Amino acid sequence: MSVSDPIADMLTSIRNAINAGHRRVDIPSSGIKKNIAELLLKQRYIKNYKVLDEGVQGTIRVYLKFNEETGSVIRGIKRVSTPGRRVYVGKEDIPRVLRGLGVAIISTSEGLLTDREARDRGIGGEVLATIW
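For the sequence shown, our numbering begins at 18 and goes up steadily by one.
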């Protein structure tokens, strides 16, 4: 049985583009992927993103951010909750990525939030991914 995980595909595309040294990557568009790209932009892990209305589904073009001395701003990106193993946390158990240096993306009843925002609002949810 084949299981599709579009969020993992997005994160893998970003990881592969960084490892290959590309400055941008194109990803098939969806609402949650746009929200993830917006969170990455707010947290300054990417330069920018554009939604291109090509074809039926459309495409999100993510412009990656690099430093001269260290390379990519994104050091690691990992999918936490998968279709086969969902990871939910309460407000007390929201993870801290690298003791606060990284970011966890949490899907809550109020939309996608970073771990800090979810902790401040006092709500838990599904841990989608971690980025550092």
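Using N, Cα and C, we set each Cβ at its ideal position, and we do this for glycine too.
The structure displayed is predicted, hence computed values, not measured ones.
Straight-line Cα distance separating residue j from residue i
| i | j | result |
| --- | --- | --- |
| W149 | D70 | 30 Å |
| T99 | L28 | 12 Å |
| G142 | S126 | 7 Å |
| I31 | G88 | 14 Å |
| R78 | A37 | 16 Å |
| N33 | L57 | 17 Å |
| I53 | G75 | 16 Å |
According to DSSP, residues forming a beta bridge with residue i
| i | result |
| --- | --- |
| N65 | Y80 |
| G142 | V106 |
Where the alpha helix (DSSP H) containing residue i begins and where it ends
| i | result |
| --- | --- |
| I31 | 23 to 37 |
| G128 | Segment 128 to 131 is the beta strand (DSSP E) holding G128; no alpha helix (DSSP H) there. |
Chain-order list of residues whose beta-carbon lies under 6 Å from that of residue i (same chain, five-residue window excluded)
| i | result |
| --- | --- |
| G139 | K108 |
Whether residue i touches residue j by CB criterion (9 Å)
| i | j | result |
| --- | --- | --- |
| R122 | L130 | Note that residue 122 is Ile in the sequence shown here, rather than Arg. In contact: I122 and L130 (Cβ atoms closer than 9 Å). |
| I91 | A146 | no |
| V120 | V144 | no |
Contacting residues, own chain, Cβ-Cβ under 7 Å from residue i (five flanking each side not counted)
| i | result |
| --- | --- |
| Y177 | An answer regarding residue 177 cannot be provided, because it is not within the stretch 18 to 149 covered by the chain. |
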